[in-house]
Structures are given as C-alpha cells and as structure tokens.
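For reference, the structure discussed in these notes is given below.
2 protein chains.
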Amino acid sequence: MKESEKSRLQALLKKASGWVEPRLGELPESSGGLSRLPSLCRYSLTSGGKRVRPFLVRSSCEAVGGGPGRSIHAACAVEMVHTYSLIHDDLPQMDDDDLRRGLPTLHVKAGVPQAVLGGDLLMVEAFGELARTPLGAGRVSEMLGRLSAAAGPVFLVGGQYMDMNPPRDADRPWVERMILGKTAAMIRVSLELGALAGGAESDLVDGMQGVGDRLGYLFQLTDDILDRSGNTDEMGKRVGKDADHGKANTVSTIGLAEAKALALRLSDEISSELARFEGDWSAVALLARYLPHRRK
Amino acid sequence: MKESEKSRLQALLKKASGWVEPRLGELPESSGGLSRLPSLCRYSLTSGGKRVRPFLVRSSCEAVGGGPGRSIHAACAVEMVHTYSLIHDDLPQMDDDDLRRGLPTLHVKAGVPQAVLGGDLLMVEAFGELARTPLGAGRVSEMLGRLSAAAGPVFLVGGQYMDMNPPRDADRPWVERMILGKTAAMIRVSLELGALAGGAESDLVDGMQGVGDRLGYLFQLTDDILDRSGNTDEMGKRVGKDADHGKANTVSTIGLAEAKALALRLSDEISSELARFEGDWSAVALLARYLPHRRK
Chain A
167 MKESEKSRLQ ALLKKASGWV EPRLGELPES SGGLSRLPSL CRYSLTSGGK
217 RVRPFLVRSS CEAVGGGPGR SIHAACAVEM VHTYSLIHDD LPQMDDDDLR
267 RGLPTLHVKA GVPQAVLGGD LLMVEAFGEL ARTPLGAGRV SEMLGRLSAA
317 AGPVFLVGGQ YMDMNPPRDA DRPWVERMIL GKTAAMIRVS LELGALAGGA
367 ESDLVDGMQG VGDRLGYLFQ LTDDILDRSG NTDEMGKRVG KDADHGKANT
417 VSTIGLAEAK ALALRLSDEI SSELARFEGD WSAVALLARY LPHRRK
Chain B
167 MKESEKSRLQ ALLKKASGWV EPRLGELPES SGGLSRLPSL CRYSLTSGGK
217 RVRPFLVRSS CEAVGGGPGR SIHAACAVEM VHTYSLIHDD LPQMDDDDLR
267 RGLPTLHVKA GVPQAVLGGD LLMVEAFGEL ARTPLGAGRV SEMLGRLSAA
317 AGPVFLVGGQ YMDMNPPRDA DRPWVERMIL GKTAAMIRVS LELGALAGGA
367 ESDLVDGMQG VGDRLGYLFQ LTDDILDRSG NTDEMGKRVG KDADHGKANT
417 VSTIGLAEAK ALALRLSDEI SSELARFEGD WSAVALLARY LPHRRK
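Which chain is which? The protein sequence lines are A and B, in order. For what it's worth, this note's numbering labels the leading residue of the first sequence as 167, then goes sequentially. For what it's worth, this note's numbering labels the leading residue of the second sequence as 167, then goes sequentially.
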C-alpha cells in the first residue's frame, strides 16, 4: 500500500471521527441529574476509539450517494452497541480486562454494578438514537430490525457466548463462526445501516452481507495478529491475552505466518469485490487494503 | 373487594397468561444450535411469573377496542425487558438474589457470564419482538421509542442505579423517584403500548401516563408491604431483604400502617381515574382494586 493511500485513509478516518465525536459527547442523553450513569457511559463512549464502525457507516452512506446527516444517528448507535459489548466483555467474571483504549475499564473506574447498568443503558439508548434517523418510518424500522438482529443471539451476543464457552478442541471452523458473531456482525451492520441511510434498497444491502462479513473477519484476524505480535503501549489494551489463557483464535488455529498471508489475500478479495458494487466504495476498500498493515 | 370480583380478575389474569405463555416459550428465537443462551433465557422467561405486564398490555389494547393479535408482541416485549432487568438485578454484585419465582436465579443455575449475556440478549430481542407488531411502520416506531425511553436512563435503568446507590438519608421523595423508574416505568409503558397497539392516538396515550405511574407506584407499595409482612414460600423470592439491608423503601419511609392506608387510597383514586377514560378500562381497574389485598 502506497504512503499516499495511507495518508488518504488517515484523513478520512480523522474526518469521520471529527464528525461523530460531538454527537457521541451528547450521548446518552442526560437523566436530569438522576444518576451518574450517562456520564459514566460517556467516559467509555468518548475515550478515544478509532471509530472504525462510524467511519464505515458514513462511507457506506456516501458510497450510495447519501449525505452524512442521514447516517450520523446510525453511526452513533453502532458505536454505542460496540461500546456496551466492550463494557460487559471486560467485566471481572467475563474477560476480566482492566485496560481499554489506554484507560481503566468502566468497572475498574466505577464498580461492577455501574458497569453492568452502564452497558445496559448504552444498548437501550443505541436503539433510541437510531430511531432519531430523519428518514421515513419504514426505513427506520428496517434499520432497527437489522441492528437488533446483529446484536442478538445469532450474532453479537451469540459470538460472545461462544467466546466465553469454548469447546476443548476449538478448531478453525469454530473460531470462524465465533468471529462471525463477535466481530463481523457489527462491522457488517455498519455497512448495511449506512447504505440504508443513504437510500439503498434492501436487495443491494442484502447483497453486501458477504463482503461485510469478510471485512469483519479481516478486522479480527489483524487484531489477533497484533495480539500476538503487538505491544500494550501501542494497542492501549493488554496484548498476548489469548495465548496466555490458551484461548483459540485465528492465529492459534492457523499459525502466524498463514494468518498474515490470509490477511493479505482477504484484503485483496474484499477490495475487488467492493469495486463491483454500484456507487463509489473506495473509502471502504482503502480500509480493507490498510488492515494487513495496521500497527494498532 | 367482593369475592366475585376477585374471581373475575383471576380469570382475566389466567386468560392473559394462557395467551402470552405459548409465544414467550418461542422466545428468544433459536440461535440454530449456536449457544445455550436462548434456552437459558427461556428458563427465566417462562418460570411462572404472574404476567401482570402482559395482562396490562392486553387489557389496555382491548379497552380501546383492539383485538389481542395486535398486542401480543408488545406484551412479550415488555415481559422480556422486565425479565432482563430481574436477571441483571439478581447478579451477585448487584442485589445478590438466589431465588426468583421459586426457582434458582439464572446466575445460580448457569453462571454469571451466562446471566449477563442472557439479560443482554433478552433486552435486544425485546426490541426485535416489538418490531414484529403487525401495524404500520409509524405506529411501530412510536412503540419502539416509548419502550426505549421507559427502559432507559430516566426510568428503568436510572431507577436501578438509584436503588444500587442510595444516599445515606434516603427519604420519601427519593424513594418515590426511584420507584417511578424502577417499577412504574414498565407498568406505565405496558398501558401505553397496549393502547397504541389497539389504535389509540398519541394524545390519549400521553394522558394516561399519570395513572400508569400511580398504578406502578401502587404495585411497588404493595410489594414492599409484602416484603415486610409476607413469607418466602408464598412469594417465591426472599422477603425482608430491604429491612435486613437497611434499604429505604416505601414502607420504611412512611411505616407499615400508613403504607397500607395509602395503598387503599391510591387504589380508589386509580379506579375512579380510569373510569373517566374513553373505552372500557374495567379490567385494569379491577387489578388496581385488588392490589391492596394481594397475598403474593
């Protein structure tokens, strides 16, 4: 990947981040002094994530010709669901992580009950935020249904369950199915919601599910590569955890060299596939091409 | 309250329960063998609750002239949100309850991670289930927005937060505000969703918020009275917990005698108020008149 392309992607990510941060800073809406929960949620929500999912929502919306005002609420909703899942995942009796995005996790900062309720609140409010999308009720309903499905038992929550309850002989197909839920579902639904917000028809959106799933898999694959070979300071979270706990992931099932080769191959496939879709998907393709080279 | 009225209410509750149970037994939808979570959720969802909220959804829908088919998904959605909140509330680092509806709580049966994820799943799926309501997208969107608001920071989650973080000098106004969120919001939204499903206009529904809140308060008041004077076998959950933990509730702030008198007064007020609404609200009024006499 050329340096000029890397710079272009950095600029696009920065633009998406600058676009979504002010709105995220207003979420969840205040409870009128009733509790500290909204401000605790904001601590987790605005602690400097890369905003990859909002970038995908916005890019997908623009790819089909929609302006950013149509997709801002979807971008925030997806980031809120993502953040809720991190908060609950990090709990002591779940993955037991104390560091996230370089800061103490919410239960370390504020206690377990606050982290349980804070996660609950972010999920509820994600649906409320998505419902604010200024489009027709039929379209907004479809978006709500797709977010609910992506967050549900077959995908996000199901993948988290698999991750918590691995079989003794977790193999590559098992890991792939786990990632389809735990990581890919929210990446895929980011593309779906963006395209719907931009005015795409359901058929086109359904046709994108495959590429969305592959992009999500690539994202997790490069995350697992970094978990093996990155360092805590750069990543802002503990690395080497899967290996330390003997947990199966993409790298452990296929080996580091094959994982790196697969990442490059998938990256090429995804950008070729995107080029065949109607509209200008170059921003999303740029991310796919960058992922095998990410350093954090 | 006459014995004939009690029997009529019992018959109506039984009818609502028989109506909602088969659908609840199908929820959340299967994850195609992916995880045990849907069946764990069903354990909590179908463990014999009184189904007061589904009864209210159905009665409210019928009061404004709607058939039960219009409100079945709303009835299930409300029961799912209620059940999620019980599962998370019962967690060891929250209220730490091991018994609910006469059975071990979900974290006792299946472990804390399963209970965290099971609660998450029920909440997500509640929105998916409500979205299945066979009415126009505009009406369904309004129902989704109202459920999200009732479950959110100002109401359900906010009330749970207050309950977990009481001030040292919790007084009657504090307790009343806590109940408005923790209990009344889901009772009120049951009436709202039922009326909307039945075809009522938003104005009529807004006009019912006051009576919904009072009914929710009455419900908690009689629950607190039973927590003081009931027994574990009849209730199917531990009693006397608030007193044991020095937690403020309606009874501790106003005393048992005044609580009982207040329950009778509120009960009369609610049934008079309901009689002034358009439609036949007699089933809801029957419940309000019964509550001060409930034994479990």
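For every residue, glycine included, the Cβ atom is placed at its ideal position computed from N, Cα and C. Note that this is a predicted model, so its numbers are computed, not measured.
The C-beta of P234/A comes no closer than 8 Å to any C-beta of chain B. In the DSSP annotation of this structure, the continuous segment of the alpha helix (DSSP H) that includes W185/A starts and ends at 169-190.
When the Cα atoms are used, A449/A and L178/A turn out to be separated by approximately 8 Å. Under DSSP, P319/A takes part in no beta bridge, so it has no partner. For W340/B, the enclosing alpha helix (DSSP H) begins and ends at 338-345. When only Cα atoms are considered, G268/B and K462/B end up about 12 Å apart. Fewer than three beta-carbon pairs drawn from the stretch 341-361 of chain A and the stretch 275-284 of chain A are found closer than 8 Å, and the two stretches are therefore not classed as touching.
The Cβ atoms of G373/B and G231/B lie no closer than 8 Å to each other. At a cut-off of 8 Å, the C-beta of V320/B has a neighbouring C-beta in chain A.
DSSP places L362/B within a helical segment (H, G or I) once states are collapsed to three. Only residues of its own chain outside the window of five on either side were considered, and among them W340, R343, M344, G347, K348 have a CB closer than 8 Å to the CB of M328/B, listed in chain order. Judged by DSSP secondary structure, T419/B falls within the alpha helix (DSSP H) whose first and last residues are 416-420. Nearest neighbour of R236/B by Cα position, chosen from Q386/B, D379/B, L301/B, turns out to be L301/B.
Closer than 7 Å at the C-beta level to chain A, one finds these residues of the stretch 317-349 of chain B: A317, G318, P319, V320, V323, G324, Q326, Y327, M328, M330. When G325/B, T419/B, S213/B, V223/B are compared, the shortest CA-CA separation from R354/B is found for V223/B. For P458/A, the three-state secondary structure derived from DSSP is helix. For M260/B, the chain A residues whose Cβ falls inside 9 Å of its Cβ are V278, P279, V282, L283, in order along the chain. Flagged as an interface residue toward chain A: D286/B, by a C-beta distance shorter than 8 Å. Between V186/A and P220/A a beta carbon distance of about 4 Å is seen, short of the 8 Å cut, so the two are scored as contacting. Positions of the alpha helix (DSSP H) runs, each at least 4 residues long and wholly inside the stretch 269-332 of chain A, are given as 272-276, 278-296, 303-317, 322-330 in order along the chain. Chain order gives the chain A residues near V306/B as S307, where near means a beta carbon separation below 7 Å. Between H254/A and the set S205/A, M330/A, L296/A, A316/A, the nearest pair of CA atoms involves M330/A. Close to G311/A, with beta-carbon spacing below 8 Å, are these residues of chain B in chain order: G294, A297. The beta carbon of E358/B lies closer than 6 Å to those of R312, V371 in the same chain, with the five residues before and after it left out. Exclusion of the five residues before and after D262/A leaves D256 as the residues of its chain whose Cβ lies within less than 8 Å of its Cβ. Residue pairing by DSSP places L265/B opposite P270/B in a beta bridge. S314/A has a beta carbon lying within less than 8 Å of a beta carbon in chain B. Sequence-distant partners of R189/B (beyond 5 residues in either direction) whose C-beta falls short of 7 Å from its own C-beta, in its chain, are I238, C242. Distance check between R431/A and each of H459/A, G412/A, S418/A, D286/A places H459/A closest, using alpha-carbon atoms only. A direct Cα-Cα distance of roughly 44 Å separates E424/B from R298/B.
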